[in-house]
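Scroll down for the structure; my scribbles are underneath it.
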Amino acid sequence: MTDLSADADAISGSTENPARFTAIFDRHVVAVHNYVARRVGDVLADELTGEVFCIAFERRATFDLTCDDARPWLFGIASRLVQRSWRTGDRSARAHERLRHERQRLSVADVSDRIEGGEFAAAVASALDRLPEAERETLLLFAWDRFSYAQIGEMLGIPVGTVRSRIARARDRLRDHLAAAGHPVPEPTTLLPKDTPS
Amino acid sequence: MNDLTELDLVTRLGRDTDPPVAEVRDAARDALLRRIHDAAATAPDGAPAPAHVVRLPRRRRRALTAVGAAAVGIAASIVAVTVIAGPSLPGGLGAAPASAEARLLALASRVERTPVSDRPTVRSTLSVTTTSTGTVTEARCTEISFSESDSASKCDDGRNADPITAFTASTSGFNPSTRPDDIDAVLDRAVEDGTGRHGRQSVDPEEARRSALIYGFSQGGLQADTRAELARRVAAVPGLEVEPGATTVLGEHGDRYTFPNGTGTLAVTLDPDDGSVLEFEITNAVEPGSGLPARQVLAGSRPGPLGDLDTDVRRLRDELISQGAGLEATFPPPSLPGPSASCATPIDPLIGHVDAAAFGGWVGQHCTFSR
Numbered sequence: 689m690t691d692l693s694a695d696a697d698a699i700s701g702s703t704e705n706p707a708r709f710t711a712i713f714d715r716h717v718v719a720v721h722n723y724v725a726r727r728v729g730d731v732l733a734d735e736l737t738g739e740v741f742c743i744a745f746e747r748r749a750t751f752d753l754t755c756d757d758a759r760p761w762l763f764g765i766a767s768r769l770v771q772r773s774w775r776t777g778d779r780s781a782r783a784h785e786r787l788r789h790e791r792q793r794l795s796v797a798d799v800s801d802r803i804e805g806g807e808f809a810a811a812v813a814s815a816l817d818r819l820p821e822a823e824r825e826t827l828l829l830f831a832w833d834r835f836s837y838a839q840i841g842e843m844l845g846i847p848v849g850t851v852r853s854r855i856a857r858a859r860d861r862l863r864d865h866l867a868a869a870g871h872p873v874p875e876p877t878t879l880l881p882k883d884t885p886s
Numbered sequence: 003m004n005d006l007t008e009l010d011l012v013t014r015l016g017r018d019t020d021p022p023v024a025e026v027r028d029a030a031r032d033a034l035l036r037r038i039h040d041a042a043a044t045a046p047d048g049a050p051a052p053a054h055v056v057r058l059p060r061r062r063r064r065a066l067t068a069v070g071a072a073a074v075g076i077a078a079s080i081v082a083v084t085v086i087a088g089p090s091l092p093g094g095l096g097a098a099p100a101s102a103e104a105r106l107l108a109l110a111s112r113v114e115r116t117p118v119s120d121r122p123t124v125r126s127t128l129s130v131t132t133t134s135t136g137t138v139t140e141a142r143c144t145e146i147s148f149s150e151s152d153s154a155s156k157c158d159d160g161r162n163a164d165p166i167t168a169f170t171a172s173t174s175g176f177n178p179s180t181r182p183d184d185i186d187a188v189l190d191r192a193v194e195d196g197t198g199r200h201g202r203q204s205v206d207p208e209e210a211r212r213s214a215l216i217y218g219f220s221q222g223g224l225q226a227d228t229r230a231e232l233a234r235r236v237a238a239v240p241g242l243e244v245e246p247g248a249t250t251v252l253g254e255h256g257d258r259y260t261f262p263n264g265t266g267t268l269a270v271t272l273d274p275d276d277g278s279v280l281e282f283e284i285t286n287a288v289e290p291g292s293g294l295p296a297r298q299v300l301a302g303s304r305p306g307p308l309g310d311l312d313t314d315v316r317r318l319r320d321e322l323i324s325q326g327a328g329l330e331a332t333f334p335p336p337s338l339p340g341p342s343a344s345c346a347t348p349i350d351p352l353i354g355h356v357d358a359a360a361f362g363g364w365v366g367q368h369c370t371f372s373r
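So the sequences go chain by chain: A and B.
So the mapping is simple: the numbering used here equals the position in the first sequence, first residue as 1, plus 688.
So the mapping is simple: the numbering used here equals the position in the second sequence, first residue as 1, plus 2.
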C-alpha cells in the first residue's frame, strides 16, 4: 500500500538525520531524470539530475511538509536549473546541439513509432516547438508529467485559472499549427468511455 | 482524419524516455551522499536542525462542484474488482447511516483502514447490453485475479455474445497504483479531453467529472486509500441517491448508488461491508429503433478463494509472467496519471487477436508499473 506521507516523512526526518534524504533520491531519481531529459535531452539530464537532488537537499527546509508528493517541488528545482543552464555558455551549446539532434530524431521514424498514425509526429513536434515557452511548459507539465492544475500552479507560482487558460491557449495554437500543416485534429465530443454505450 | 486530439498526440510524444543508466544514477547518488556527509560533518554539535516552514494543511478533498469542465476518457471496468476484506458496520445495515452521502463516507473510512488483499480470487461476471430495439447481448465470464498485476478470464457464449468483445471491455482506466493526489490529475485530464477549441466545452463539465469519478471508483485493483478518496468525492455528487439492499442481475445484494448522467443514469452497486463493486449500470436515452445501446450492465459475484488451477490457466499464467516483456503490450490510455502501466497479453501473430484458443479459451493480462 502506498504510504502517502513517505516523502514528507523522509524530508522532515532528514533535518535530524540527513541520510534519510536518500529515500527521496531513490524514489524520484527516474522521474526527475525523465523530466529533464524530455526537455533538454539525455546528455544534459545526466548532468543535471544529481544537481537537482543536491540543491533539494540544501533547501529541504523549504519543502512544504503538508504536501504528500515531493515531485512538484523537485520538478520546480529542475525547471529552474534547466532554465539557468541555458544561460551558461558551454552547456547552452551542448543543449542546443542536443536539441538539434533531438528535433531531427523527432522528425522521423522514432516519433512515428510513438504516435499512432505517425504522419502527425513531425507536425506535433514542430507545433510544440512554436509555442510560447510559458504555454509549452504548462502544457507539458500537464501532458507529459501528469500533474493536476493545482500542482502545476504551485510549481509555477501561478493561479489555477492561469494554468487552465495557458493550457487552453496552447491547445488552441497547437490545433491551428496542425491544421495549417494539413493535419487537422478532431473536436473532442465523447463523454462516455469507448467501451460503454454512446 | 486522425482520431486523436492534439492533447493525446502531445501526451504520446512524451512517452518512452529512457531512465538514467546505472553509472549516471550512481554518480548522482554519490554526489548527494557527499553533500549529506559534508552537512553532517560541518554541523556543530547540538546545532538546531533547519526549521521547516509551517503552513496550513492543504484542503485535500476539493468540492466536486468547484471544479470546471470535463469529459471522460476512462474506460469502465468491473471485471477485476478488488477484494477488500473489511469489517462490517457495527450492527450491520440496520445501523448504517441513511443518506447516500453518509453511507459512502462511512464506507470510505472502512475501506481506508483496510489493506487490499493480495490473495488470488475467482468470480463470475455477467455483461448485458440492451439496445433500443430490444436486442440483448450477454457475456458470461469467469475472472481470476492472481495479483494486482496479473489476471485471467474466460467467457462463454451468451446471447449474441462475442467473447473477444467481452474481454476487451475489461480494460482498466485508473492505474492501480494511483495516489490520491493524482486523482485530481485524472479528473483534470478528463476536463481537457472534453474541452474543445478556444476553451469551448463539448460536454457538460460537471457531468463528465461525475462520470470519471464513478468509472474510477468502479474499477478494480486500486489501492485502499485511492478508493477511499474516490468514495468521498462520489459522496459529494449532487443528486446522488441510494437504494440499500438492491439486487444485481447476478442475484447479489448491495447498496445501489445512482445519479443522473447526460441523457440517462449511472449506477453502481457496492458491497456495504467492504466496498467491492457488485454491479455497474449505464442507461442512455436513445432514439427508438436506432439500435443504439440503451442500457449496459456489468455485474460480478463476490470474489471467492482461488482453488486448484485448471491446467490451461496455469500455462497461461506461467507464460504471462515469464514472457510478459515479449508479449504484446497495450498502449496505456492517455488519461492515466502517475505511474505508467504496460500490460502484456498473448496474441496470435497470424490473426492479431488474443490467442485464447491456445489456452483453452482463457485470456489474461500481465501489467507492470513504472513512474
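We treat Cβ as the ideally placed atom computed from N, Cα and C, and that holds for glycine.
Leaving aside the five residues that flank residue 852 of chain A on each side, the residues in its chain whose CB is nearer than 7 Å to its CB run, in chain order, 837. Inter-residue distance for residue 292 of chain B and residue 298 of chain B is about 16 Å (C-alpha atoms, whole angstroms). Counting the other CB atoms within 10 Å of its CB gives residue 106 of chain B a total of 16 or more, which places it among the buried residues.
Judged by DSSP in its simplified three-state form, residue 751 of chain A adopts coil rather than helix or strand. Residue environment: residue 39 of chain B is assigned as exposed (fewer than 16 neighbouring CB atoms within 10 Å of its CB, all protein chains considered). Comparing alpha-carbon positions, the option among A:871, A:819, A:760 lying closest to residue 716 of chain A turns out to be A:760.
Taking 8 Å as the cut-off, the beta carbon of residue 766 of chain A is found no closer than this to the beta carbon of residue 712 of chain A.
Taking a beta-carbon distance threshold of 8 Å, residue 697 of chain A does not count as an interface residue toward chain B.
Residue 733 of chain A is positioned such that its CB atom lies no closer than 8 Å to that of residue 762 of chain A. Taking C-alpha positions only, residue 285 of chain B is separated from residue 143 of chain B by approximately 22 Å. Sixteen is the threshold: since fewer than 16 other Cβ atoms of the shown chains lie within 10 Å of the Cβ of residue 746 of chain A, the residue is exposed.
Short of 6 Å from the beta carbon of residue 266 of chain B, and not among the five residues preceding or following it, lie these beta carbons of its own chain, in chain order: 285, 286, 287. For residue 866 of chain A, the residues of chain B that pass the 7 Å Cβ criterion are 8, in the order they occur in the chain. Exposure of residue 104 of chain B is indicated by the presence of fewer than 16 other C-beta atoms within 10 angstroms of its C-beta.
Against chain A, the beta carbon of residue 20 of chain B has neighbours under 8 Å at 725, 730, listed in chain order. Leaving aside the five residues that flank residue 865 of chain A on each side, the residues in its chain whose CB is nearer than 8 Å to its CB run, in chain order, 811, 814, 815, 818. Annotation: the continuous alpha helix (DSSP H) that includes residue 866 of chain A extends over 848-868. With respect to the 8 Å criterion, residue 8 of chain B and residue 862 of chain A are classified as neighbours on the basis of their beta carbons. At least one C-beta of chain B is nearer than 8 Å to the C-beta of residue 707 of chain A. The CB of residue 817 of chain A never comes closer than 9 Å to any CB in chain B; the least such distance is about 11 Å. In the structure shown, the three-state DSSP call for residue 845 of chain A is coil. Take residue 314 of chain B, set aside five residues on each side of it, and the residues of its chain with a beta-carbon closer than 7 Å to its own are 361, 362, 364, in chain order. Bridge partners of residue 295 of chain B according to DSSP: B:133. Rounded to whole angstroms, residue 123 of chain B and residue 146 of chain B show a C-alpha spacing of 6 Å. Three or more beta-carbon pairs drawn from the stretch 270-283 of chain B and the stretch 231-251 of chain B are found closer than 8 Å, and the two stretches are therefore classed as touching.
Contact of residue 251 of chain B with chain A by beta-carbon distance below 7 Å is absent, the smallest such distance being about 16 Å. Only exposed fits residue 714 of chain A, as fewer than 16 other CB atoms lie within 10 angstroms of its CB.
Chain-ordered, the chain A residues with CB closer than 8 Å to the CB of residue 194 of chain B read 830, 855, 859.
According to DSSP, residue 157 of chain B shares a beta bridge with B:143.
In the same chain as residue 233 of chain B, and ignoring 5 residues on each side of it, the C-beta atoms closer than 8 Å to its own belong to 106, 107, 109, 110, 113, 219, 277, in chain order. Setting aside the 5 residues that flank it on each side, residue 736 of chain A is surrounded in the same chain by 724, 769, each with a C-beta closer than 6 Å to its C-beta; the list follows chain order. In the DSSP assignment, residue 270 of chain B falls within the unbroken beta strand (DSSP E) covering 266-272. The alpha-carbon separation between residue 302 of chain B and residue 34 of chain B amounts to approximately 50 Å.
Of the other Cβ atoms in all chains shown, fewer than 16 fall within 10 Å of the Cβ of residue 121 of chain B; this residue is therefore exposed.
With a minimum length of 4 residues, the unbroken runs of alpha helix (DSSP H) contained wholly in the stretch 709-740 of chain A fall at 710-728.
Listed along chain B is no residue with a C-beta nearer than 8 Å to that of residue 826 of chain A; the closest approach is about 12 Å.
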